[in-house]
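Below: the structure, in structure tokens.
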């Protein structure tokens, strides 16, 4: 898919560049990080300014902040139980960071940092570290019993243990690749159809008429991508909660 | 852990690259194709791990996410929690007050019902008493009246009896006289004793003696 003249170039949107001029260049601050910063600032503003009225009967803005809070709280408590309340801020930060990254990326000229495997893997590995540390801290050596379910015949251990270990270690991979692949696929599709609009639009008199087709596809795709943006953030958060449940309860 | 992370990371990336890179890249030559992709500018920019910006991106990610987590966990989320707690307490307090008011109303209602029931019972007892008294009085008066009436009836019967006896006595006399007169006129014989006995017998036969 090399970019050459009037061809479809769906991948250059993922290229990293410097943000914030020479200062950003000096510390290798990329436009991806700038979007992370925007998302983080927006998240903090929504949660603080939204709750600023402290109204008993919330207005729209406060209701939004409360909805985010209660949505993730129910998710964590539903999966981990009430002892999971300690990990709620972590899951909440993850959910909001992924959700806002996904949604922010749908704006024109914006960069989708969740379309970078390095970013999603960084987050997924963070989840992996946190869940493993929590499990070790809560259960100590007993944590390693997780890799061999109680009651299974001992002679099966050579099969079960490697399988369990591999499945445990592959958690951050599946977690990160799922989000990454979804976001990349969506943005590539959007880009491809947007390029169709431009290419077909240039085809003489009938061009603009035909170009309406990919344009309408893109309108539908944007709606679909909004759904995916939310869904993937939800999946990320709920899988994190499930891993935390395993860490807290060991099975 | 760190070592494992690198290994897993690199492994995933190599696999992803082989999936994501364009089909022309010969399989089994991932390392070369990465270099080739860098040189030609093709392939997915996300898999261009030679780019120093990639590592910088992750470092900044960790910094930004760390700050975000800190601010949410220590500033933003406790505020939300306090507002929600406040609301929950207030609603619970209101519910408690409503429950107390309802209990009070229920008690008042119960007292009212008890008072009504008592009043009804009292009034019914009073009515029953009055009725009983009235009935007793009526019965007494009735009995008295009956007694007087029966007394009067007795007296009247006695009077009637005497009157009848008198009448019957007079009847015998008249009948004897008439019979004597008849016998005398018809036969010329005057036998008062026989006539008197015959009248007596005749009257006795008719049940009017």
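Chains as they are written, first to last, in the working numbering: chain A, 10 to 260; chain B, 3 to 211.
C-beta: ideal position from N, C-alpha, C; glycine also.
Open item on the list: Using a Cβ distance threshold of 8 Å, determine whether the stretch 120 to 129 of chain A contacts the stretch 93 to 111 of chain A, with at least three qualifying pairs required.
Closed with: yes
Task: Below-8 Å beta-carbon distance, residue 100 of chain B vs any chain A residue - done: Locating residue 100 of chain B in the second chain gives position 98, counting from the first residue. No, because no Cβ of chain A sits closer than 8 Å to the Cβ of residue 100 of chain B.
Open item on the list: I'd like to know whether the C-beta atoms of residue 48 of chain A and residue 113 of chain A end up nearer to each other than 8 Å.
Closed with: Taking the first residue of the first chain as position 1, residue 48 of chain A is located at position 39. Taking the first residue of the first chain as position 1, residue 113 of chain A is located at position 104. Cβ atoms of residue 48 of chain A and residue 113 of chain A: closer than 8 Å.
Task: For residue 258 of chain A, three-class secondary structure by DSSP - done: Start at 1 with the first residue of the first chain, and residue 258 of chain A comes out as number 249. Helix, per DSSP.
Open item on the list: Quick check on the burial criterion: 16 or more other C-beta atoms within 10 angstroms. Buried or exposed for residue 85 of chain A?
Closed with: Locating residue 85 of chain A in the first chain gives position 76, where the first residue counts as 1. Its Cβ being crowded by 16 or more others within 10 Å, residue 85 of chain A is buried.
Task: Per DSSP, the bridge partner or partners of residue 39 of chain A - done: As a working note, residue 39 of chain A is residue 30 in the first chain. Per DSSP, A/27.
Open item on the list: With a threshold of 8 Å, are at least 3 pairs of Cβ atoms found where one atom belongs to the stretch 46 to 63 of chain B and the other to the stretch 31 to 38 of chain A?
Closed with: yes
- [ ] Would you check if the stretch 143 to 156 of chain A and the stretch 253 to 260 of chain A touch, i.e. whether three or more CB-CB distances between them fall below 8 Å?
- [x] yes
Open item on the list: Please state whether the Cβ-Cβ distance between residue 137 of chain A and residue 181 of chain A is less than 8 Å.
Closed with: As a working mapping, residue 137 of chain A is identified with position 128 in the first chain. As a working mapping, residue 181 of chain A is identified with position 172 in the first chain. Result yes, Cβ atoms of residue 137 of chain A and residue 181 of chain A sit closer than 8 Å.
Open item on the list: I believe residue 85 of chain B touches residue 60 of chain A by the beta-carbon criterion, under 8 Å. Please report the beta-carbon distance rounded to the nearest angstrom.
Closed with: The residue you call residue 85 of chain B lines up with position 83 of the second chain. The residue you call residue 60 of chain A lines up with position 51 of the first chain. Contact flag correct, Cβ pair sits at about 6 Å.
Open item on the list: Starting from residue 45 of chain B, trace the alpha helix (DSSP H) in both directions and tell me its first and last residue.
Closed with: Position 43 of the second chain holds residue 45 of chain B. Note, residue 45 of chain B: premise wrong, no alpha helix (DSSP H); not H, not E.
Task: Residue from A/111, A/144, A/65, A/89 whose Cα sits closest to the Cα of residue 83 of chain B - done: For the purposes of this step, residue 83 of chain B is taken as the residue at position 81 of the second chain. Closest option to residue 83 of chain B, Cα to Cα, is A/65.
Task: Minimum length 4: unbroken alpha helix (DSSP H) runs contained in the stretch 149 to 209 of chain A - done: 166 to 178
Open item on the list: Can you pull the chain A neighbours of residue 55 of chain B, defined as C-beta to C-beta under 7 Å?
Closed with: On the second chain, position 53 is the one that residue 55 of chain B refers to. Within chain A, the residues near residue 55 of chain B are 25, 37, 39.
- [ ] Give every residue of the same chain whose Cβ lies closer than 8 Å to the Cβ of residue 259 of chain A, excluding the five residues on either side of it in the sequence, and list them in chain order.
- [x] Reading the first chain from its first residue, position 250 is the one you call residue 259 of chain A. Cβ within range, chain order: 144, 148, 151, 152, 154, 155.
Open item on the list: Distance check for residue 235 of chain A and residue 80 of chain A, CA to CA, integer angstroms please.
Closed with: Locating residue 80 of chain A in the first chain gives position 71, where the first residue counts as 1. Locating residue 235 of chain A in the first chain gives position 226, where the first residue counts as 1. Their Cα atoms are separated by approximately 18 Å.
Open item on the list: If we define contact as Cβ-Cβ less than 8 Å, is residue 124 of chain A a contact residue for chain B?
Closed with: Counting from 1 along the first chain, the entry for residue 124 of chain A is found at position 115. It does; some Cβ of chain B falls within 8 Å.
TODO: Could you tell me the distance, in whole angstroms, from the CA atom of residue 75 of chain B to the CA atom of residue 96 of chain A?
DONE: Counting from 1 along the second chain, the entry for residue 75 of chain B is found at position 73. Counting from 1 along the first chain, the entry for residue 96 of chain A is found at position 87. If you take the alpha carbons of residue 75 of chain B and residue 96 of chain A, they lie about 10 Å apart.
Open item on the list: On the criterion of 16 or more Cβ atoms from any shown chain inside 10 Å, does residue 230 of chain A qualify as buried, or is it exposed?
Closed with: Mapped onto the first chain, residue 230 of chain A falls at position 221. Residue 230 of chain A is buried by the Cβ-count criterion.
Open item on the list: Taking only three categories from DSSP, how would you classify residue 143 of chain B?
Closed with: Within the second chain, residue 143 of chain B is the residue found at index 141, counting from 1. In this structure, residue 143 of chain B counts as helix in the three-state DSSP scheme.
Task: Segment contact, 8 Å Cβ cut-off, at least three pairs: the stretch 176 to 192 of chain A with the stretch 240 to 248 of chain A - done: yes
Task: Cβ pair residue 111 of chain A, residue 241 of chain A closer than 8 Å - done: Numbered from 1 along the first chain, position 102 holds the residue referred to as residue 111 of chain A. Numbered from 1 along the first chain, position 232 holds the residue referred to as residue 241 of chain A. Closer than 8 Å, so yes.
TODO: Report all residues from its chain with a CB closer than 7 Å to the CB of residue 67 of chain A; omit the five preceding and five following residues, and keep chain order.
DONE: In the first chain, residue 67 of chain A corresponds to position 58, counting from 1. Once the five neighbours on either side are set aside, the close Cβ partners of residue 67 of chain A are 75.
TODO: For residue 64 of chain A, name the three-state secondary structure that DSSP assigns.
DONE: Along the first chain, one-based indexing puts residue 64 of chain A at 55. Residue state, collapsed to three classes: coil.
Open item on the list: Excluding the 5 residues flanking residue 198 of chain B on each side, which residues of the same chain have their C-beta closer than 8 Å to its C-beta?
Closed with: Position 196 of the second chain, counting from 1, holds the residue named residue 198 of chain B. So the qualifying residues of the chain are 178.
Task: Minimum Cβ-Cβ distance from residue 227 of chain A to chain B less than 8 Å - done: The sequence position of residue 227 of chain A within the first chain is 218, counting from 1. No, residue 227 of chain A lies away from the interface with chain B (no Cβ there is under 8 Å from its Cβ).
TODO: Look at the alpha carbon of residue 31 of chain A and the alpha carbon of residue 117 of chain A, and state the distance between them as a whole number of angstroms.
DONE: Start at 1 with the first residue of the first chain, and residue 31 of chain A comes out as number 22. Start at 1 with the first residue of the first chain, and residue 117 of chain A comes out as number 108. When rounded, the distance between both Cα atoms is 24 Å.
Open item on the list: So, with DSSP's three-state summary, where would you put residue 119 of chain A?
Closed with: Counting from one through the first chain, the residue named residue 119 of chain A turns up at place 110. Looking at residue 119 of chain A - three-state DSSP - the assignment turns out to be coil, as it is neither helix nor strand.
TODO: Using the Cα positions of residue 101 of chain B and residue 87 of chain B, report the straight-line distance between them to the nearest angstrom.
DONE: One-based indexing of the second chain puts residue 101 of chain B at position 99. One-based indexing of the second chain puts residue 87 of chain B at position 85. Roughly 20 Å between the two C-alpha positions.
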